[in-house]
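Protein chains: 2
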Amino acid sequence: MQDLLQQVQVQVNEKIYLKNPESSDLGRRIVAGSIELMDRVGFEDFTFKKLGLQINSPEASIYRYFESKHKLLLYLSSWYWGWMEYQLVFGLANVSSANDRLVRAISILTGTVSNDAGMSLIDKAKLHRIVISESTKSYLTKAVDDENKDGIFATYKKLVARVSDIILELNPNYRYPHMLISTMIEGALHQRYFAQHLPRLTDVVNGEDTVTDFYMDMILKTIQTEDVN
Amino acid sequence: MQDLLQQVQVQVNEKIYLKNPESSDLGRRIVAGSIELMDRVGFEDFTFKKLGLQINSPEASIYRYFESKHKLLLYLSSWYWGWMEYQLVFGLANVSSANDRLVRAISILTGTVSNDAGMSLIDKAKLHRIVISESTKSYLTKAVDDENKDGIFATYKKLVARVSDIILELNPNYRYPHMLISTMIEGALHQRYFAQHLPRLTDVVNGEDTVTDFYMDMILKTIQTEDVN
DNA sequence: CATAAATGATAGTAATACTATTATATTTGT
DNA sequence: ACAAATATAATAGTATTACTATCATTTATG
Chain A
1 MQDLLQQVQV
11 QVNEKIYLKN
21 PESSDLGRRI
31 VAGSIELMDR
41 VGFEDFTFKK
51 LGLQINSPEA
61 SIYRYFESKH
71 KLLLYLSSWY
81 WGWMEYQLVF
91 GLANVSSAND
101 RLVRAISILT
111 GTVSNDAGMS
121 LIDKAKLHRI
131 VISESTKSYL
141 TKAVDDENKD
151 GIFATYKKLV
161 ARVSDIILEL
171 NPNYRYPHML
181 ISTMIEGALH
191 QRYFAQHLPR
201 LTDVVNGEDT
211 VTDFYMDMIL
221 KTIQTEDVN
Chain B
230 MQDLLQQVQV
240 QVNEKIYLKN
250 PESSDLGRRI
260 VAGSIELMDR
270 VGFEDFTFKK
280 LGLQINSPEA
290 SIYRYFESKH
300 KLLLYLSSWY
310 WGWMEYQLVF
320 GLANVSSAND
330 RLVRAISILT
340 GTVSNDAGMS
350 LIDKAKLHRI
360 VISESTKSYL
370 TKAVDDENKD
380 GIFATYKKLV
390 ARVSDIILEL
400 NPNYRYPHML
410 ISTMIEGALH
420 QRYFAQHLPR
430 LTDVVNGEDT
440 VTDFYMDMIL
450 KTIQTEDVN
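If you read the sequences in order, they're chains A and B. So for the first sequence, the working numbering puts the first residue at 1; every next one is plus one. So for the second sequence, the working numbering puts the first residue at 230; every next one is plus one.
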């Protein structure tokens, strides 16, 4: 049920794909296969030819769904943020205290991702790893301004805006809510990468979720009003 | 003089290049030309063929200095962080107060970069833009672990360690100094990118350096000891 | 069941990311 | 000043990548 709702919830901007991959069996194999392959070989070595081999379909058929691997990466990132927004809306529903909502939002956005029972076609743990390692490459390109005009990054911006609003509820005078939240979201991804590959850039303690702990502490301290009476 | 000192100061790990580009006229043209070209076309569309045209030397000659454009990007990033470390050492020299040293370090690491008068072969403003837009691509690859073993990222790690130490001087109980500083350094680069291309992820105010202001405020609040007596 | 639409199979192209070879400069040691 | 070593230029070539095109075959739809 949860899964069905997720499928319904996660909407990806139509300009990202040529043909909606959720609309056919081949499309779904492309998405599932690309997650497996990109997690395994990385974006640079990922090719539509290899993906074709992986899913037993010709390279040319994949091009009917996505113009390029860049667009496919945009699709995966966008899907991830759409799913995250859904998690957020669900996780904050009926929580009246703004403080509680912020704490929950930070947990959701900086925490680890594990696969739900319901055998979805999308492996969330692998997708999270892809987002960690590859998603910045989706917007650090010369095409960013054109794609932004097309609304490709709208989901991500909405997510940032949503959490920024909670911060403003708690402290209407805080001047940098968007910077704080985008710093946190990007930072949490980076810190998880560093923990795996460049641990001296972090303070990871085995068995503890120091990433969430760090950002929780940082944000709550940062938005405190100057004079608490 | 400043420039001469910079040339002497900035050392790049030898494993990054096949032949030190500082050792010849062609090498220097490769570095200067690559900064111009990469800033203009971006890492994805940057090729050694185009660079060859730009500097009027054959593509094959460039390969005698750098194995690949990935290594060249590593060189530029590494050079930048080496230069930053130099700026830091210089900027913090003879400043006894740990608090002042931290404030200066945050300014240096999150601030804008402009070209010095001394007509260096390296255009720092362009290099800063390259670091903003492309440097994450230098470590978000499958080669990161091998390259890390070779010490390719040592300069960057040293920089983070250096500022972390200042934080520990101010608050020996703060648990996440490395996370805080790496979040700040990467975050400041990202925020400058967002300000240009995805402004709704920031709170940029025209004419003000909100990036430095934001991180200054965030860090000083975050490392405050819980109970100030 | 006829028609349209999607997919498969195959081929082809321009560009990329290199490597190799040889000729011509340029530097270096004596 | 000159031979030897070294660096660069000029050119060619290869495997792979990132596509596009064509046509046959399968699968869905009215």
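Heads up, the beta-carbon is just placed ideally off N, CA and C, and yes, glycines get one too. Everything numeric in this text was worked out from a predicted model, so none of it was measured.
Here M348/B is exposed. Its C-beta has fewer than 16 other C-beta atoms within 10 Å.
For Q283/B, the closest C-alpha among the options A261/B, R391/B, H419/B is that of A261/B. With its beta carbon at least 8 Å from every one in chain B, E169/A lies outside the interface. Comparing alpha carbon positions, the residue from L399/B, E273/B, L388/B closest to I452/B is L399/B. Below the 9 Å Cβ cutoff, chain B contributes T365, K366, L369, H419 as neighbours of T136/A, in chain order. Flagged as an interface residue toward chain A: D374/B, by a C-beta distance shorter than 8 Å.
With at least 16 other beta carbons inside 10 angstroms of its own, T202/A counts as buried. Flagged as an interface residue toward chain A: E273/B, by a C-beta distance shorter than 8 Å.
Relative to the Cα of H407/B, the nearest Cα in the group L198/A, G151/A, S138/A belongs to L198/A. Distance between F319/B and W312/B, taken at the CA atoms: about 11 Å. The three-state reading of DSSP puts P58/A in coil, since its state is none of H, G, I, E or B. I396/B has its alpha-carbon roughly 31 Å from the corresponding atom of E134/A. In the three-state DSSP reduction, G111/A falls in the coil class, being neither helix nor strand. The CB of N377/B comes closer than 9 Å to the CB of H197, L198 in chain A, given here in chain order. The region 285-326 of chain B is shown to contain whole alpha helix (DSSP H) runs of 4 or more residues at 288-291, 298-321, in chain order. Listed along chain A, the residues sitting closer than 9 Å to Y405/B by beta-carbon distance are T202, D203, T210, D213, F214, D217, M218. The region 19-32 of chain A and the region 92-106 of chain A do not touch, with fewer than three beta-carbon pairs separated by less than 8 Å. Taking a beta-carbon distance threshold of 8 Å, T183/A counts as an interface residue toward chain B.
The region 182-194 of chain A and the region 144-153 of chain A do not touch, with fewer than three beta-carbon pairs separated by less than 8 Å. The three-state secondary structure of N435/B, taken from DSSP, is coil.
Residue contact with chain B for V160/A: present (Cβ-Cβ distance below 8 Å to some residue of chain B).
In this structure Y65/A is not in contact with Y139/A, their Cβ atoms being roughly 21 Å apart against a cut-off of 8 Å. What E186/A touches in chain B, judged by beta-carbon distance under 8 Å, is E415, G416, H419, going in chain order. Counting along the chain, the unbroken alpha helix (DSSP H) around L356/B starts and ends at 353-363. For Q453/B, the residues of chain A that pass the 8 Å Cβ criterion are K221, in the order they occur in the chain.
DSSP, reduced to helix, strand and coil, places F214/A within a helical segment of the structure shown. For K386/B, the nearest CB of chain A lies under 8 Å from its own CB, placing it at the interface with that chain. In the structure shown, T47/A falls within a coil segment according to DSSP collapsed to helix, strand and coil. Across the set I259/B, I361/B, A327/B, the C-alpha of I361/B shows the shortest separation from the C-alpha of F423/B. For M38/A, not one C-beta of chain B is nearer than 8 Å to its own C-beta.
Residues of the region 89-115 of chain A with a C-beta less than 7 Å from any C-beta of chain B: none at all. Residues of the region 73-85 of chain A whose Cβ lies closer than 9 Å to any Cβ of chain B: none.
With respect to R391/B, K157/A sits apart: the two C-beta atoms are not nearer than 8 Å. Identification of residues in the region 253-267 of chain B having a C-beta nearer than 9 Å to some C-beta of chain A yields an empty set. Interface criterion met: the Cβ of F153/A is under 8 Å from a Cβ in chain B. Residue state for Q240/B is assigned as coil, using DSSP reduced to three classes.
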